[in-house]
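Undergrad: Dropping a structure here in structure tokens format, bear with me for questions.
There are 2 protein chains.
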Amino acid sequence: MPDRLAILACGGALPVRLAAAYPEAVRVGLSGIPNDLNGDVDLHRLEKLGTLFDALKAQGVGRIVLAGALARPAFDPSAFDATMVAVAPRLMAAMQEGDDGLLGTVIAIFEEQGFVVVGAHELLPDLVAEAGLQVGPPPSDADLRDATRAWDILGALSPLDVGQGAVVAGGQCLGIETVQGTDAMLRFVAETPAELRRGVRGVYVKAAKRGQDLRVDMPAVGPRTVAAVAGAGLSGLVIEPGRVMILDREETLQAALDAGVFLSARSL
Amino acid sequence: MPDRLAILACGGALPVRLAAAYPEAVRVGLSGIPNDLNGDVDLHRLEKLGTLFDALKAQGVGRIVLAGALARPAFDPSAFDATMVAVAPRLMAAMQEGDDGLLGTVIAIFEEQGFVVVGAHELLPDLVAEAGLQVGPPPSDADLRDATRAWDILGALSPLDVGQGAVVAGGQCLGIETVQGTDAMLRFVAETPAELRRGVRGVYVKAAKRGQDLRVDMPAVGPRTVAAVAGAGLSGLVIEPGRVMILDREETLQAALDAGVFLSARSL
Numbered sequence: 128m129p130d131r132l133a134i135l136a137c138g139g140a141l142p143v144r145l146a147a148a149y150p151e152a153v154r155v156g157l158s159g160i161p162n163d164l165n166g167d168v169d170l171h172r173l174e175k176l177g178t179l180f181d182a183l184k185a186q187g188v189g190r191i192v193l194a195g196a197l198a199r200p201a202f203d204p205s206a207f208d209a210t211m212v213a214v215a216p217r218l219m220a221a222m223q224e225g226d227d228g229l230l231g232t233v234i235a236i237f238e239e240q241g242f243v244v245v246g247a248h249e250l251l252p253d254l255v256a257e258a259g260l261q262v263g264p265p266p267s268d269a270d271l272r273d274a275t276r277a278w279d280i281l282g283a284l285s286p287l288d289v290g291q292g293a294v295v296a297g298g299q300c301l302g303i304e305t306v307q308g309t310d311a312m313l314r315f316v317a318e319t320p321a322e323l324r325r326g327v328r329g330v331y332v333k334a335a336k337r338g339q340d341l342r343v344d345m346p347a348v349g350p351r352t353v354a355a356v357a358g359a360g361l362s363g364l365v366i367e368p369g370r371v372m373i374l375d376r377e378e379t380l381q382a383a384l385d386a387g388v389f390l391s392a393r394s395l
Numbered sequence: 128m129p130d131r132l133a134i135l136a137c138g139g140a141l142p143v144r145l146a147a148a149y150p151e152a153v154r155v156g157l158s159g160i161p162n163d164l165n166g167d168v169d170l171h172r173l174e175k176l177g178t179l180f181d182a183l184k185a186q187g188v189g190r191i192v193l194a195g196a197l198a199r200p201a202f203d204p205s206a207f208d209a210t211m212v213a214v215a216p217r218l219m220a221a222m223q224e225g226d227d228g229l230l231g232t233v234i235a236i237f238e239e240q241g242f243v244v245v246g247a248h249e250l251l252p253d254l255v256a257e258a259g260l261q262v263g264p265p266p267s268d269a270d271l272r273d274a275t276r277a278w279d280i281l282g283a284l285s286p287l288d289v290g291q292g293a294v295v296a297g298g299q300c301l302g303i304e305t306v307q308g309t310d311a312m313l314r315f316v317a318e319t320p321a322e323l324r325r326g327v328r329g330v331y332v333k334a335a336k337r338g339q340d341l342r343v344d345m346p347a348v349g350p351r352t353v354a355a356v357a358g359a360g361l362s363g364l365v366i367e368p369g370r371v372m373i374l375d376r377e378e379t380l381q382a383a384l385d386a387g388v389f390l391s392a393r394s395l
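Here the protein sequences line up with chains A and B, keeping their order. Position one of the first sequence corresponds to residue 128 (our numbering), numbered consecutively onward. Position one of the second sequence corresponds to residue 128 (our numbering), numbered consecutively onward.
See below:
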């Protein structure tokens, strides 16, 4: 059984960390989806999925990790190879659903080819936080009430495959993450008129959707998230233990310390 | 039994329409909450709720309509009269909940004083739309799928007293209304990067929360909503029949016609 690891590198720091931890891994990327491996990666076209599969198999790959921000790419149907022609209808139908629908389909397509799809958190276990205050001042009772309300909002949306994050301040919901992502939502929160904020800071909560396959699109926070949380005037962020990655852990904790916001991992 | 009508006028066009339809009604407003009655209104301080109640009773008021956008006002506890001292703890606790919690408490306080609180839609029945396409091109099947998904999202959030509106485009949720309101959410949607929109227009759905007391803060759309929907590149808007007001009906329908977007009232 081939069991060499391949890293399918999309955007962000995660593929870089994986490549550093697994230097023997095959590195592949997709044309049109930026990655930060600095060219040290074999680029394939999404339209030629069969070619990608063949190349992986030829190199003894048995396991693959899909790492980084997988944008929904545009593609050119006239360039499809036979494999892509076969799977394109399923991909296109899945795109009509939420992210989990699409990514679940992507996993299934890799698995049908005999690959084992592994999660980045399985390869880098220190990526996820265990329960507990990670850094910063402990959340107040009011912060915990806000966090619990945000958690409940995410729980209600979870069956609909919507919402990995929400902001609540003084009981009022100021933002629910949609496809534009965390940064856009926190900028929106930062622009909330002061008379609606009523002087209450509030909390950002990030959790995986219930039943979410953590092998792809696992929620993640990093230094930029912390900066955005502080920029939105919030007291801190609460992440779900074991199911949200902390990218660049040291830098992230330092950023929280510098900004005076807390980062806590807890179930609510 | 006194049964004279009073209009408690907050922001927007609704108090103006009510005042025109009920010229004999007593008009009151709250200092610090703008209204558009051009000074033809008795202003009271929220801190002196007892004085407001006494003034209404002295004028034979038995029914009151709370009309317009009721901002959450700042107040000065040192100026409270006895009535306000008695009810302030409940008001402040209710402010920690969603809008419905606060407004439900406001209604209860008026009712305890013997006033009947009536809804603007009961006084102006043509404010709400019956089911059916109001104006514009009929929504496509894809629009209806998006509208159904937005409707489901609102339904999931409804028990949490969050969300009177949501935007879905091609199955992807682009925005969920939070305390910043419809315009802010639609501006956020308008700023969605094109690669996330994938060329799909999408639909805005506005519905009352399940179990919402429609006597206050009934969802409403108007010409500005239609302009924001068009500005966000959406195909149109779907409102819940009977439970969402159309303010300035003629102007609203004309705005939709001019912008080429549909306005449909339907349950999904």
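Heads up, the beta-carbon is just placed ideally off N, CA and C, and yes, glycines get one too.
Cβ of Val327 of chain A within 8 Å of Cβ of Ala357 of chain A?
TA: In this structure, Ala357 of chain A does not lie closer than 8 Å to Val327 of chain A by Cβ.
Undergrad: Residues of chain B with a CB under 8 Å from the CB of Ala283 of chain A: which are they?
TA: Simply Ala283, Leu284, Pro286 and Leu287.
Undergrad: Hey, is Asp340 of chain B's beta-carbon within less than 8 Å of any beta-carbon in chain A?
TA: Not one chain A Cβ lies under 8 Å of Asp340 of chain B.
Undergrad: Compute the Euclidean distance between the alpha carbons of Asp385 of chain A and Asp310 of chain A, then round it to the nearest angstrom.
TA: When rounded, the distance between both Cα atoms is 19 Å.
Undergrad: The alpha helix (DSSP H) with Asp310 of chain B in it runs from where to where?
TA: First-last of the alpha helix (DSSP H) with Asp310 of chain B: Thr309 to Ala317.
Undergrad: Would you list the residues sitting across from Gly292 of chain A in a DSSP beta bridge?
TA: According to DSSP, Gly292 of chain A bridges with A:Lys333.
Undergrad: Out of curiosity, what's the CA-to-CA distance linking Cys137 of chain B and Ala334 of chain B?
TA: Cα-Cα distance, rounded: 22 Å.
Undergrad: Would you list the residues sitting across from Cys300 of chain A in a DSSP beta bridge?
TA: A:Val295.
Undergrad: According to DSSP, what are the bridge partners of Met372 of chain A?
TA: Answer by DSSP bridge pairing, in chain order: A:Val255 and A:Ala347.
Undergrad: Go ahead and label Asp203 of chain A buried or exposed: buried means 16 or more other beta carbons lie within 10 angstroms of its beta carbon, across all protein chains shown.
TA: Asp203 of chain A is exposed by the Cβ-count criterion.
Undergrad: Identify, in the order they occur along the chain, each residue of the same chain with its Cβ nearer than 7 Å to the Cβ of Ala194 of chain A, setting aside the five sequence neighbours on each side.
TA: Within the same chain, Ala194 of chain A has close Cβ partners Ile134, Leu135, Ala136, Cys137, Leu141, Pro142, Leu145 and Ala247.
Undergrad: Which residue from A:Leu313, A:Glu151, A:Gln307 and A:Gly329 puts its Cα closest to that of Ala321 of chain B?
TA: Nearest of A:Leu313, A:Glu151, A:Gln307 and A:Gly329 to Ala321 of chain B, Cα basis: A:Gln307.
Undergrad: Can you give the Cα-Cα distance for Phe207 of chain A and Ala215 of chain A, rounded to whole angstroms?
TA: Whole-angstrom Cα-Cα distance: 9 Å.
Undergrad: Look at the Cβ atom of Tyr149 of chain B, then the Cβ atom of Leu132 of chain B, and state whether they are nearer than 8 Å.
TA: Going by C-beta atoms, Tyr149 of chain B is nearer than 8 Å to Leu132 of chain B.
Undergrad: Give me the subset of the stretch 152-169 of chain B whose CB atoms are less than 9 Å from a CB atom of chain A, sorted by chain position.
TA: Of all residues in the stretch 152-169 of chain B, none has a Cβ within less than 9 Å of some Cβ in chain A.
Undergrad: Note down the Cα distance separating Ile373 of chain A from Thr379 of chain A, rounded to an integer number of angstroms.
TA: Straight-line Cα distance between these residues: approximately 7 Å.
Undergrad: Out of B:Ile366, B:Ala196 and B:Leu254, point me to the one whose CA is closest to Gly139 of chain B's CA.
TA: It is B:Ala196.
Undergrad: Looking at C-alpha atoms only, which residue of B:Arg272, B:Val153 and B:Trp278 is the closest neighbour of Gly290 of chain B?
TA: Of the candidates B:Arg272, B:Val153 and B:Trp278, the one whose C-alpha sits nearest the C-alpha of Gly290 of chain B is B:Trp278.
Undergrad: So Thr379 of chain B contacts chain A; which residues on that side make the cut at Cβ distance below 8 Å?
TA: Ordered by position in chain A, no residue passes the 8 Å Cβ test against Thr379 of chain B, which lies about 25 Å from the chain.
Undergrad: In the DSSP output, what is Arg154 of chain B paired with across the bridge?
TA: Per DSSP, B:Ile134.
Undergrad: If you measure from the beta carbon of Phe202 of chain A to each beta carbon in chain E, is any gap under 8 Å?
TA: The question asks about chain E, but that chain is absent: this structure's protein chains are A and B.
Undergrad: Using 8 Å as the threshold, is the stretch 177-189 of chain B in touch with the stretch 225-244 of chain B, meaning 3 or more CB pairs across them?
TA: Touching, per the Cβ criterion.
Undergrad: Check whether chain A comes within 8 Å of Ile191 of chain B, counting only Cβ atoms and requiring the distance to be less than that.
TA: It does not: the Cβ of Ile191 of chain B has no partner Cβ on chain A nearer than 8 Å.
Undergrad: Put Arg393 of chain B into one of helix, strand or coil per three-state DSSP.
TA: In the structure shown, Arg393 of chain B sits in coil (DSSP, three-state: anything other than H, G, I, E or B).
Undergrad: Along chain B, in chain order, which residues have C-beta atoms closer than 8 Å to that of Val306 of chain A?
TA: Per Cβ cutoff of 8 Å: Gln299, Cys300, Leu301, Thr319 and Leu323.
Undergrad: Just how far apart, CA to CA, sit Gly166 of chain A and Arg325 of chain A?
TA: In a straight line, the C-alpha of Gly166 of chain A is about 49 Å away from that of Arg325 of chain A.
Undergrad: Distance check for Asp375 of chain B and Thr210 of chain B, CA to CA, integer angstroms please.
TA: The straight-line gap from Cα to Cα measures roughly 37 Å.
Undergrad: Between Ala359 of chain B and the rest of its own chain, which residues show a CB-CB distance below 6 Å, the 5 nearest in sequence each way excluded?
TA: These residues qualify, in order along the chain: Leu313, Val316 and Ala317.
Undergrad: What residues in the stretch 267-283 of chain A have a beta carbon less than 7 Å from any beta carbon of chain B?
TA: The residues in question are Asp279, Ile280 and Ala283.
Undergrad: Tell me whether Tyr268 of chain B is buried or exposed, calling it buried when 16 or more other Cβ atoms sit within 10 Å of its Cβ.
TA: Reading off the sequence, residue 268 of chain B comes out as Asp, not Tyr. Per the 10 Å Cβ criterion, exposed.
Undergrad: Within a Cβ cutoff of 6 Å, which residues of the same chain sit near Ala258 of chain B, ignoring the five residues on either side of it in sequence?
TA: These residues qualify, in order along the chain: Pro368, Ala392 and Arg393.
Undergrad: Report the start-end ranges of each alpha helix (DSSP H) in the stretch 167-220 of chain A that is 4 residues or longer and not cut off at the edges.
TA: If we require 4 residues or more, the alpha helix (DSSP H) runs fully inside the stretch 167-220 of chain A come out as 176-185.
Undergrad: I'd like to check one pair, Val294 of chain B with Phe389 of chain B: are the Cβ atoms closer than 8 Å?
TA: Cβ distance not < 8 Å, so Phe389 of chain B and Val294 of chain B don't count as in contact.
Undergrad: Can you confirm whether Phe242 of chain A, when its beta carbon is compared against all beta carbons of chain B, has any partner nearer than 8 Å?
TA: Answer no: the Cβ-Cβ gap between Phe242 of chain A and chain B never drops below 8 Å.
Undergrad: Just grab the DSSP bridge partners of Gly363 of chain A for me.
TA: Answer is A:Val330 and A:Phe389.
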